[in-house]
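Numbering (our numbering), first residue to last: 18 to 136. Reading through the structure tokens given below for one structure.
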Amino acid sequence: MLRTVAATIIIGIAFFLAQYFHFDRFLHPYIWYILVFFFGLSFFAHRLMEIGFRNNREKFVTFYIAVIVGRIILSLIFIALFLFKGLSDSFLFITNFFALYLFYTCFEIYGLYRNLRRN
């Protein structure tokens with residue numbers, strides 16, 4: 018979980034610097050909401066994976082699939098809420114969202130791979 022917090026802080030600093038130096042034309046104004054959403058989603062996924070590792074290793078696959086399905090459903094709800102609310106630049110919002118989605122998914126797979134390799 019510490020790696021996820023560190024990665025989120027680094028991304029947050031990069032977004033802050035991009036806005037500070039006016040390189041934010043590729044960042045939607047709601048990028049901070051997206052970042053907080055993915056941090057919360059990563060925290061939720063990490064806790065479920067911890068439960069899957071702790072109780073029974075045979076149930077790990079079930080927990081992992083539940084996390085994937087939960088992430089997809091929550092992501093679609095998040096996007097739908099913002100689109101329903103009305104965005105100024107929906108294409109930029111969705112592009113930023115899926116860029117962070119891909120980053121956090123790759124980061125989770127890397128962390129999972131490291132944990133499985135260790136055991």
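Heads up, the beta-carbon is just placed ideally off N, CA and C, and yes, glycines get one too.
Exercise for review: Using 7 Å as the cut-off, classify the Cβ of Gly29 as near or not near the heavy atoms of the ligand GDP, replying yes or no.
Suggested key: The ligand GDP is not part of the structure shown, which contains no ligands of any sort.
Let me confirm a value: Ala23 is counted as buried when at least 16 other C-beta atoms fall within 10 Å, else exposed. Which label applies?
exposed
- Message: Please report the straight-line C-alpha distance between Val84 and Ser105, rounded to a whole angstrom.
- Response: 31 Å
Notebook entry, point to check: Between the segment 27-41 and the segment 58-74, do at least 3 Cβ pairs fall closer than 8 Å?
Noted result: no
Practice prompt. Give the secondary structure of His39 by DSSP, where H, G and I count as helix, E and B as strand, and everything else as coil.
Written response: coil
| If Ile51 and Leu117 are in contact, beta carbons under 8 Å, what's the gap, nearest whole angstrom? | 6 Å
Of the listed residues Leu44, Phe80, Phe77 and Phe110, nearest to Ser92 (C-alpha basis): Phe110
Practice prompt. Name the residue from Ser107, Ile94, Phe101 and His63 whose alpha carbon lies nearest to the alpha carbon of Leu44.
Written response: Ser107
What number of angstroms, rounded off, separates the C-alpha of Ala35 from the C-alpha of Tyr121? 20 Å
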